[in-house]
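A quick write-up on the structure given underneath.
In the numbering used here, the protein residues as written are 1044 to 1356.
Here it is as structure tokens:
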């Protein structure tokens, strides 16, 4: 049995941590969507990462993939760079537990409680597509945790998109307005990349903060790549609309309206030039700074107290 089939078989056995804000559904369709998303963005960027870590991975490094989902990135990079050790972590157990390269492993944990790793444990720490998982106030401590577990002179990388389309028409604006309204109710910020860039630049423990972007034309006007990207975005929008975590009321009637909004959006992108921007940020951790253990102690105390509360129940 392949790892994708195994994931789908176990989808109903997953344990979800309290406090996780992920608004998309957790099912076999979402697994398929995230696999497709991975390959679409690889086609756009022509590479699975932007930080200058190629030589490091070839030589051998410890790598952490935060919010790894079904583990597509982790597994493929682990296969390609056999001298490195890859660790994926996610709140959901939808990654393979048996069929995987020997240099790849996975942990289930809620990263909002702090990463369950020691200081300076990884040479490279990456996090992708987590906008729908964190509230705005949670990004700062998450980035601090990324830096904490990264070794001095190691690299961190974040890949995110904003829910913004360039030169989009009225149907596109309607789609964005509808989704944004519901996400705001959940405390999810839909224009997150400026905030991420600000947090990285204001942190004294990292240097060489770099921002890169790719602008892609959507739909048939953007050739085959544009068609694939539009299909991926359409799939993501449908997943959001079908998520009971986001849209709860009048499911049958409302889904009909939402599907019409999505279809109008797709048709408009195929007729009207519409662009989407994908961004990557990376930075290098500086040599050790004194008194950097505060956040480590905070998260360890938090995990300890949660453990005590669990035993009392």
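A virtual CB, placed ideally from N, CA and C, is assigned to each residue, including glycine.
Boundaries of the alpha helix (DSSP H) around residue 1072: 1071-1088.
In this structure, DSSP gives residue 1144 a state outside helix and strand, which the three-state scheme calls coil. Using a 10 angstroms sphere on the CB of residue 1114, the tally of other CB atoms reaches 16 or more, which defines it as buried.
The Cβ-Cβ distance between residue 1329 and residue 1196 falls below 9 Å. Around residue 1184, the same chain offers no residue with a beta carbon nearer than 6 Å, after the five sequence neighbours per side are excluded.
In this structure, the alpha-carbon of residue 1200 lies about 33 Å from that of residue 1313.
For residue 1202, there is no enclosing alpha helix (DSSP H); the enclosing beta strand (DSSP E) covers residues 1193-1209. Distance from residue 1233 to residue 1226 at the Cβ level is roughly 6 Å; contact confirmed, criterion being Cβ atoms closer than 8 Å. Annotated three-state conformation of residue 1234 is coil, per DSSP.
Annotated three-state conformation of residue 1123 is helix, per DSSP.
Under the three-state reduction of DSSP, residue 1262 is assigned to coil, being neither helix nor strand. By the Cβ test, the segment 1263-1282 is not in contact with the segment 1235-1252, since fewer than three Cβ pairs between them sit closer than 8 Å. By the neighbour-count criterion, in which a residue is buried when 16 or more other Cβ atoms sit within 10 angstroms of its Cβ, residue 1300 is exposed. Here DSSP, grouped into helix, strand and coil, assigns residue 1138 to coil.
The beta carbon of residue 1189 sits closer than 6 Å to those of 1168, 1199, all from its chain and outside the five residues before and after it, given in chain order. Look at residue 1229 here: in three-state DSSP terms it is coil, with no helix or strand label. Annotation: residue 1133 to residue 1111 spans about 6 Å, alpha carbon to alpha carbon.
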